[in-house]
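If you read the sequences in order, they're chains A and B. For the first sequence, my numbering begins at 1 and goes up steadily by one. For the second sequence, my numbering begins at 1 and goes up steadily by one. Note that CB positions come from ideal geometry on N, CA and C, so glycine has one too. Notes to accompany the following structure.
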Amino acid sequence: DQQVKQNSPSLSVQEGRISILNCDYTNSMFDYFLWYKKYPAEGPTFLISISSIKDKNEDGRFTVFLNKSAKHLSLHIVPSQPGDSAVYFCAASAIGSSNTGKLIFGQGTTLQVKP
Amino acid sequence: DGGITQSPKYLFRKEGQNVTLSCEQNLNHDAMYWYRQDPGQGLRLIYYSQIVNDFQKGDIAEGYSVSREKKESFPLTVTSAQKNPTAFYLCASSIRRGNQPQHFGDGTRLSIL
């Protein structure tokens with residue numbers, strides 16, 4: 001049972017345009033959501049997170065939106081740069097697991113930003 | 001620099017052998033985690049530890065074992081009981097309390113000869 005889903009395996013955008021990466025979840029107990037970026041043969045790098053008490057969090061070019069009623073979150077990258085080309089994972093943790101930090105990851109979306 | 005160090009980066013194992021993957025962190029984090037990544041899949045939790053001398057099974061613990069004798073170290077042993085060990089293994093750590101992001105090492109790629 002895939003509790004966190006990234007339905008788009010890949011996304012290609014032009015440099016300078018907006019990249020929108022999507023993530024859906026099924027567990028209504030999730031209360032903390034994160035986005036990670038991963039280059040080949042490296043570990044994931046934390047990008048941005050959002051708590052379920054918020055619907056938006058912004059950090060520079062990265063903004064995460066949370067729609068709890070739709071169980072959907074998205075990551076917006078504006079403007080996109082070629083260095084943003086990587087695999088992006090969304091992850092979530094549930095109420096009660098906050099003390100363990102246990103995360104559930106999506107399958108990842110490969111973003112390609114073309115110059 | 002503070003961070004998480006995984007070694008070796010590449011590891012080869014003969015069938016029937018146990019191998020141990022190293023993970024060391026100098027971030028003073030209480031919690032540490034081991035994940036496995038397979039092609040086209042997300043990260044799946046193998047084991048995690050919230051504090052020294054304590055650890056819990058994750059979603060795919062069969063065929064693996066861990067120890068947490070020191071706060072800085074969380075080695076993972078892939079035993080011969082693990083039927084499909086070829087994968088990319090990632091170690092992470094985090095502050096234990098509250099919602100905090102996990103920080104990852106650069107991984108170890110394990111292959112079977």
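Exercise for review: Round the Cβ separation of Val78/B and Leu110/B to the nearest angstrom and send it over; I've been treating them as touching at under 8 Å.
Suggested key: 6 Å
Exercise for review: Examine chain B for any beta-carbon lying closer than 8 Å to the beta-carbon of Gly16/A, and answer yes or no.
Suggested key: Chain B contact via Cβ: absent.
Review point. Given a threshold of 16 other Cβ atoms within 10 Å of its Cβ, counted over all protein chains shown, does Met29/A qualify as buried or as exposed?
Key: exposed
Practice item. Verify the CB distance criterion: does Asp106/B have a CB-CB separation below 8 Å to chain A? Key: yes
Point to revise | Whole-angstrom distance between Thr108/B and Tyr10/B, CA atom to CA atom | key: 6 Å
**Study point:** Close Cβ partners of Pro8/B (< 7 Å) along its chain, the five nearest in sequence each way excluded
**Key:** Thr108
Exercise for review: Give the residues from the stretch 24–40 of chain A that approach chain B closer than 9 Å (Cβ to any Cβ), ordered along the chain.
Suggested key: Asp31, Tyr32, Leu34, Tyr36 and Lys38
Practice item. Consider the Cβ of Tyr47/B: report whether some Cβ of chain A lies at a distance smaller than 8 Å. Key: Judged by the 8 Å Cβ criterion, Tyr47/B is not in contact with chain A.
**Study point:** Distance between Pro115/A and Gln50/B (C-alpha atoms, nearest Å)
**Key:** 44 Å
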